Structure formats: C-alpha cells, structure tokens
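As structure tokens, the structure follows; a few thoughts come after it.
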C-alpha cells in the first residue's frame, strides 16, 4: 500500500534502529550514489542510491527531502523518481531523510527548503536522475547475473526482462547486487511526453491517515515522559521580558517549571498543555515594550505615504525609456494610490516543536518547511555540534511560508535545555500564533500612466513604498541594498517578469521597514504587486474607454506566454460575450515563481457591498505538470487563501502590537463563499515553473476588477471588510 | 475526575471539571485525531459527535460531556471499515495538509445522519469549518459522493 512512513516517535527504538520495516534510515555512511559499499536502511534493505531503497518484496522506498504541507510535493516528487525508475507505483512508499543524516552524508539530499513554489521545480532534475541511475544499476545487476548485455534488457513495473530470451527477474531480487555497482556517470532522462506515472493525476500518498486521525502532526507528538509548554513572547516586537511573578501560579495544577526563553519570552511547563496554558494565562508578566510601543498602523501608513513622493530615495527595479519625462509631457495622465496590509499565515496547526535535550544529544520533532534551517536552529539554541543534533520532520498542518522560519524551534530547544532529559512539547496558542507571526509585509503604491493624443499608453510609473522581507529575513540576498523580490511580477526578466511592454517604464521601491517582523506569505510580493498593476491596468483601460483585455493585448505582443494564459482565461470565462443578468467580470494576469498565470471572476453585487462570486476561471503555464489533480487543488486553494486575505484579512498595529487575536478578528472563507475554480492548464514545456503560489496573485485583482465592472467603484485598499464590503 | 464515554468505551479521566473536552480527549485519553485550531469554537478542527450531534469540543467542558456518547474521528470507522464519508474522502483525494479534515469529516458525517441527501445549500449552511488550504471544492464533491454511496 502507498504510504508515507512517519518518523518513529519512540526515541529508544529510533536510536537503536530496529529491524521493523520502515523504521528509519541508516546513519553516517557517506557514499551518496551507491558504490561498492552498500548503505542500508534501518530495516536492512539496501539503498541503490540516496533516493531509492528497494525491499526484497519489491516495495520501493522513495526518499523525499522537501516537506509536505498539503501541496502534494511528496507525491509529485515520488512520481518523478518512480517514472525514471520504472518501478511498480502500487508498491511505492515515501520517507523523509533527516537533516542530520543529510549533513552527515555531505548534504546527500541537497536542499530541504520547501518555499517559493520550489518543491518540485528546483529538485526535479536530480531526483529524476536518482530514479534513472537506480534503474540503470538494477538492470545492470540483472544483466550481470544472466551474463547478457544490459542493452538487451528492459525494466517496467519493477520487473526486468531480457528481451531476447524472455527471462525476467525483479528489482527486489537484484537490488543487493545493484547496490554494489558503480553508478553510471550520466543518465538520459525521459522526454516528459513519454511519462506514464509523472504527468498523471495520481492519488496522493498521504491521504488515508488524514481521514482517520492517524496522521501525526507536530502538535500530536507524544514521547515517554514528555511535558508540555505554553509560551508568551513580548507582544510588542523588539520588546523584552521585564519580569514575571512565578509565586502567583506556584500551586496551580500540573505546573512543573516557569522558564525564561531568550530575552523576550516566558514559558510555563506542565504535565498537560491545558495546564500549562491555564497557568500562563494566570501568570503576571511585565514587559519592557520599548520605543516600538508607539507604532500604529496609522504611523506606519503615514511613513509609507511619504515614500510615494518622488523626492524620496528609491531603488529602481525595472526601467526603460524615461517615464518621468514622458508623464510630465503627456496629453493625458492617470494616477492612483493603492495599499496592501499585513497578513498572518494562520496555518490551521499553530506553531509547535518538541525537543529533547541532554548534554550529549538534542533532538527535535516538528513540522518545518526547511529541515536544514530547523537543524541549524537546533544547533544554535542547544550549543551542540551537528553530530549531536537531529531534527525529525513531521507532516505540516499548513505552511504557507510560516514554517520556513525557525523561531518556534529555537524556543522549544531553549525550554528543553532547562529540563535536560525530559522531552518538552511547545505549542503556541492561536492567540500567540496571531501575535507572533512573520507577517506578509505592508506596502503602498502610487501608479501613474500617461497616454498620447491617440490614447496609446506611452509611460507607466510604479512607485512602491514599504517593507522588504529580505532586509530582515535574508539581508545577504539584498543587491546593493535593493530587495529584488519586492518587484515580483514587475521585473524586467526572470521568473517574475512583467508581461507588458511600455515605451517608458519605471518601477521603483522606497524601502521602509517598520518593526513588525515580515515573512514569506504564500505568493509573497506577487499578492500586492498583481493587485497594483492589474487593477491599474483596468483603470487605464477604462480611462480611455477600451476593453480591459484588448487594452492589455496591445501591450503584450512581446510576452506570448503571459498572453497565452490571459487568452485562455478570457475564452473560458466568455470574455466579450454577455454575462448572465446582474453578473460582472474581472480579469488579471501575472507571472511569478517561473509560471505564467491568469484568472477571471464572475461576481454579482447587491446593495453595493455584498459580493457573490459565481465563477472563477484560472489558467497556468508552469512548463510541465507532474500531477494535474494536485495542480488543480493548488490553484483552487490559492484562490481561497487569496480571497480570504482580500475580504477578511489585514493585520493592524496598535501600541506596537498586532490587534487581531483569533479567527473572530481574522476570519477565513467558508465553503458557502467559495465557488468552483475552473482550471485551464496550458503547460508549454521547456521550463519548470512553480504551482503552489503563482495563481494567488490573480485572485484578488480579478475580483476587484469585477467589482468595478459591477459598481463603477474602484477599490484600492485591502481588506474589503474595512470598507464594509462582505460576501453576500 | 470524570467518566467519559468515548468511541463506545467508558474512560475515567483525571481532569478538572472545566477542562475543555478537546484537551481531555487529546491529552488525557490520548486521541490526537481531534485537532486544536482556535480554542474559541470557530474553526471546527476539534469537531466530535456528542450524542450524534457535531459539537466543537474546545467549547464544551468535560462536565458537560459526562453521560454523553462521544465519537471522535478515531471512532468513526466500524468493524475495520472506513465510514462512507472517510471512503469518499479517500476516493476524492480531499485532504491537502489534512489538519482540519478530522473536524470536517465529523461535521459531514453528522450532516449526512440528519440529511442523507444534502443540497449545496444544506452543505453551505451546515459546514462552516475553516480550511486554510482551501479544499472546499473537493469537500463538496466528496459530500455528494458519500450521500450517493
């Protein structure tokens, strides 16, 4: 049966590595691609290479280094390996190698990071080679046994056939010999048009346990003797913990210890989490909130608005011609100012990690989008070297970018370090999760377009003002101070390139970094940039009385892939044909994460403020599609996430802290509000784009443009709840 | 101390009377399929059946649950066979991250007990669980599939 093998949760059996099937991986051996020395999984089955273990019964264990958080990467990567391996798909299971094992084997599994819609596109090449290499070795082993040329043998469904004689054997029978062979120096990968397992909408490998309650998420970890911790970090970002009155909770049931965590947080450790949380809520805590306590959404907005002024310094992300001069001398100009707020990821499973520390070993069990980053956080917080640390990854109860950060891992280790030998599970309350997010950054944008006397767009000036994620999260990635990611969807080239040619173009960013910690939030800067550009394109088209699709098409002649998805969506939604009575359409396109996407919405509006979304059409060209059923689910899911943010989202700052505390103040769409998303997949091949994020960019502008079509009112500010616009 | 009847078994749990049922189920009984999402009875991840009715177990105390038949996701299958809602969930490949799905499935199973052939409108009114991955399309299709199974 297809299954994802979860890490052992009983420490003793994990360390000993029992002979039980799927108990874990062999440790410490260092030959990444086979070779004479056989590396074995804990159940004794040989590795053909780091990606492929085959058991005597022909079960194929595919190792997946990237994290599964619902996006289907686990299944997609297994499909790619299986495709090249020619193994029996019905006998494929998956398992996670651990970051510690990878480090011990010279990063044998490469990058663990699962963000930026990279899960498949940035590892497809080497995992497919892993499958192909293993196939060649297995066939060679059979040929050696038969004393025939390997070229006379073929493999399919884990069975090797010597074509001239008709003799057959199985992968399970030859794997011992295959694992001893030198891997081939080079292997040829299949043309995707010949795919039989990849490219198909196969069922996910991790579904059954998610329907029975058996799937173990980080929050569900149980270890012998484990205690539970609840935590409060200073609600004003950058503030410190001043003091707490431990005596006040001394007699409370189940409480074991109160722990200062770093210089800004305090945790209560108890027998159960409910006891820990109850005691923490009763613990008097004094904070040193510092200067940031003066910051509010209003003060941030004022600071960002100043950045929209051309006199302020700005980084130039894209330019051709001379937009400022062209605008100054234009026959007609159109100007608008937009803004986009902070957003919280709000994964359904709040942040958590379980840590067990002794002076000789520190182990962490957690959901993480980046196993290696979690491993590094474990090293740093424990003070132990790599060979004494390990991270066991669990399936994530949502990621969306939040679990690429490791703050919760660091906290768990610091708490466990105070209680050596006792495993401690740290779980954030939803309120802590809302207060201590890594927020989608706040921005404003002034856009100016200029027309000549014949209503041709001659210039476009996009002036962004606001927060950079890289400045805080990855400063080394800044280019001479500039955050190139801030220009997603408006870049001159690359995997987030603008889809329009304008004779005079200027896109610039006045970087202003408030104290609120930013993070990568599904879609990242595509979210606001696509609203800014695509709603403004709509404004420009209407300002000269042109159809928004026709207006765009004139600017897209040199961007055929952008245009192709726009056309696909326009055709499917019936653009140019009458919509049903009372129904209005909006459309948008953008490029992000290497993929070209477009979306269109049909909505009706009652009482000027109640929106019903009747239809959504979305198109994507990600180059190749590994599992169309999962791509459809990612597209539909991205619209739920994007429209939730548009209608209900928005995190606001008061006295330096976030005001939203739970789903009552940061709501999320329900089934009643979400129509079916009709997907038009047009993979054109020749490149590998991402899937999880790009389409979120077109969700909001498609609906906002439809709202204008319905009401004549232009919405330039998110969320809609601030303007009393709701779902009907 | 309280006697709770969970998935047909009576279990003595050593908790204070005002402990939310959710935490007694997860921490004292050890059934972790029922999830914590919000703690204020909004998201539905903690949905269980109490005397056959879908209830948000984070918003109900242990003392309120005494004497009632409680069913969690672990108790939905019977005689080794998945419940028809679980079967439809597998057949339609519904879950993404899966964290909300225990609660979603329990809410749907209760709906089908009450309305064996729910309309889309029935679904809209009864199923108010939050899913941040956005599985709603598959949820709706799987509900109809389960109803017609």
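Protein chains in written order, with the UniProt record's numbering: chain A, 1 to 728; chain B, 1 to 149. We put the beta carbon where it would ideally sit given N, CA and C, even for glycine. In this text the structure is predicted, and so the values were computed from the model without any measurement.
Considering only residues of the stretch 38 to 71 of chain A, which uninterrupted beta strand (DSSP E) runs meet the minimum length of 3 residues and lie entirely inside it, listed in chain order?
47 to 49, 52 to 54 and 60 to 63
So, does the stretch 684 to 703 of chain A touch the stretch 585 to 598 of chain A, judging by three or more C-beta pairs under 8 Å?
yes
Tell me the rounded alpha-carbon separation between residue 317/A and residue 703/A.
As a first step, residue 317/A must be located in the first chain, where it is residue number 317. As a first step, residue 703/A must be located in the first chain, where it is residue number 703. Distance from the CA of residue 317/A to the CA of residue 703/A, rounded to the nearest whole angstrom, comes to 27 Å.
Tell me whether residue 345/A sits in a helix, a strand or coil according to DSSP, three-state version.
On the first chain, position 345 is the one that residue 345/A refers to. DSSP places residue 345/A in coil when its eight states are reduced to three.
Simplified DSSP state of residue 365/A, which is helix, strand or coil:
Your numbering for residue 365/A matches position 365 in the first chain. Strand, per DSSP.
In angstroms, rounded to a whole number, what distance separates the CA positions of residue 382/A and residue 357/A?
The residue given as residue 382/A occupies position 382 in the first chain. The residue given as residue 357/A occupies position 357 in the first chain. Approximately 8 Å between the Cα atoms of the pair.
Assess contact between the stretch 340 to 347 of chain A and the stretch 383 to 403 of chain A, defined as three or more Cβ pairs (one per stretch) separated by less than 8 Å. Is contact present?
yes
If the cut is a Cβ gap below 8 Å, which residues of chain B does residue 662/A touch?
If you number the first chain from 1, residue 662/A lands on position 662. Those within 8 Å of residue 662/A in chain B are 38, 39, 40 and 42.
Buried versus exposed, by CB contacts within 10 Å (16 or more), residue 477/A
Against the first chain, residue 477/A aligns to sequence position 477. So residue 477/A ends up on the exposed side.
Report the residues of the stretch 86 to 99 of chain B with a CB closer than 8 Å to any CB of chain A, ordered along the chain.
Within the stretch 86 to 99 of chain B, the residues whose Cβ lies closer than 8 Å to some Cβ of chain A are 86, 89, 90, 93, 94, 95, 96, 97, 98 and 99, listed in chain order.
Could you list which residues in chain B have their beta carbon closer than 9 Å to that of residue 639/A, in chain order?
By 1-based counting over the first chain, the position of residue 639/A is 639. Those within 9 Å of residue 639/A in chain B are 134.
According to DSSP, residue 727/A sits in a beta bridge with which residue or residues?
Here residue 727/A refers to the residue found at position 727 of the first chain. Partner(s): 611/A.
Would residue 210/A count as contacting chain B if we go by Cβ distances under 8 Å?
If you number the first chain from 1, residue 210/A lands on position 210. Chain B contact via Cβ: present.
Taking the continuous alpha helix (DSSP H) assigned at residue 352/A, which residues delimit it?
In the first chain, the residue the question calls residue 352/A occupies position 352. Residue 352/A -> not in any alpha helix (DSSP H); beta strand (DSSP E) instead, spanning 352 to 358.
Three-state secondary structure (DSSP) at residue 474/A?
The residue you call residue 474/A lines up with position 474 of the first chain. Three-state DSSP puts residue 474/A in coil, outside helix and strand.
9 Å Cβ cut-off: residues of chain B touching residue 66/A:
Your numbering for residue 66/A matches position 66 in the first chain. Result: empty, since nearest Cβ-Cβ is about 14 Å, beyond 9 Å.
Using a cut-off of 7 Å between C-beta atoms, extract the partners of residue 140/B located in chain A.
Counting from 1 along the second chain, the entry for residue 140/B is found at position 140. For residue 140/B, the chain A residues whose C-beta falls within less than 7 Å of its own C-beta are 671, listed in chain order.
Own chain, CB closer than 8 Å to residue 80/A, minus 5 neighbours either side, in chain order:
Here residue 80/A refers to the residue found at position 80 when the first chain is read from its first residue. In its chain, beyond the 5 residues on either side, 120, 124, 127, 128, 131, 198 and 626 have a beta carbon closer than 8 Å to the beta carbon of residue 80/A.
What are the residues of the stretch 120 to 132 of chain B that lie near chain A, defined by any Cβ-Cβ distance shorter than 8 Å?
123, 124, 125, 127, 128, 129, 130, 131 and 132
Cutoff 8 Å: residue 138/A Cβ touching any chain B Cβ
Counting from 1 along the first chain, the entry for residue 138/A is found at position 138. No, residue 138/A does not count as interfacial toward chain B.
Does residue 72/B get closer than 8 Å to chain A when you measure Cβ to Cβ?
In the second chain, counting from the first residue as 1, residue 72/B sits at position 72. Chain A, which has a Cβ nearer than 8 Å to the Cβ of residue 72/B, makes this yes.
Using the C-alpha atoms, what's the distance from residue 177/A back to residue 524/A?
Numbered from 1 along the first chain, position 524 holds the residue referred to as residue 524/A. Numbered from 1 along the first chain, position 177 holds the residue referred to as residue 177/A. Cα-Cα distance, rounded: 48 Å.
Considering only the beta carbon of each residue, do residue 690/A and residue 624/A sit closer than 8 Å?
Reading the first chain from its first residue, position 690 is the one you call residue 690/A. Reading the first chain from its first residue, position 624 is the one you call residue 624/A. Judged by beta-carbon spacing, residue 624/A lies beyond the 8 Å limit of residue 690/A, meaning their Cβ atoms are not closer than that value.
Any beta carbon from chain B within less than 8 Å of residue 335/A's own beta carbon?
To locate residue 335/A, count along the first chain from 1; it is residue 335. Under the Cβ distance rule, residue 335/A does not count among the residues neighbouring chain B, no pair being separated by less than 8 Å.
Residue 235/A and residue 657/A - do their beta-carbons sit closer together than 8 Å?
On the first chain, residue 657/A is found 657 positions in, with the first residue counted as 1. On the first chain, residue 235/A is found 235 positions in, with the first residue counted as 1. Closer than 8 Å, so yes.
Taking a contact to mean a Cβ-Cβ separation below 8 Å, would you say residue 137/A touches residue 97/A in this structure?
The residue given as residue 137/A occupies position 137 in the first chain. The residue given as residue 97/A occupies position 97 in the first chain. Against a cut-off of 8 Å, the Cβ pair of residue 97/A and residue 137/A comes out as no contact.
Pick helix, strand or coil for residue 324/A, following the three-state DSSP scheme.
Position 324 of the first chain holds residue 324/A. DSSP places residue 324/A in helix when its eight states are reduced to three.
In chain order, which alpha helix (DSSP H) runs of at least 4 residues are fully inside the stretch 604 to 651 of chain A?
Correct list: 628 to 648.
Quick one: measure Cβ to Cβ for residue 547/A and residue 293/A, integer angstroms, because I've assumed they're closer than 8 Å.
For the purposes of this step, residue 547/A is taken as the residue at position 547 of the first chain. For the purposes of this step, residue 293/A is taken as the residue at position 293 of the first chain. With a Cβ gap of about 51 Å, residue 547/A and residue 293/A do not count as contacting.
Would you list, in chain order, the members of the stretch 380 to 407 of chain A that have their beta-carbon closer than 8 Å to a beta-carbon of chain B?
Going along the stretch 380 to 407 of chain A in chain order, one finds 395, 396, 397, 398, 399 and 400 with a Cβ nearer than 8 Å to chain B.
As assigned by DSSP and simplified to three states, the class of residue 102/A
The residue given as residue 102/A occupies position 102 in the first chain. When DSSP states are grouped into helix, strand and coil, residue 102/A belongs to the helix group.
Quick test of your reading: residue 700/A and residue 642/A, contact by CB under 8 Å. State the CB separation rounded to the nearest angstrom.
Stepping through the first chain from its first residue, residue 700/A is reached at position 700. Stepping through the first chain from its first residue, residue 642/A is reached at position 642. About 6 Å separates the Cβ atoms of residue 700/A and residue 642/A, confirming a contact at the 8 Å cut-off.
If contact is defined by three or more beta carbon pairs under 8 Å, each pair taking one atom from either stretch, is the stretch 409 to 425 of chain A in contact with the stretch 380 to 394 of chain A?
Flag = yes, the stretch 380 to 394 of chain A and the stretch 409 to 425 of chain A touch.
In the DSSP assignment, what are the bridge partners of residue 70/B?
Numbered from 1 along the second chain, position 70 holds the residue referred to as residue 70/B. Bridge pairing for residue 70/B: 6/B and 50/B [DSSP].
For residue 253/A, return the contacting residues in chain B, with the cut-off set at a CB-CB distance below 8 Å.
On the first chain, position 253 is the one that residue 253/A refers to. By Cβ distance, chain B contributes 16.
Is residue 60/A closer than 8 Å to residue 50/A when the C-beta atoms are compared?
In the first chain, residue 50/A corresponds to position 50, counting from 1. In the first chain, residue 60/A corresponds to position 60, counting from 1. No, they are not a contact pair.
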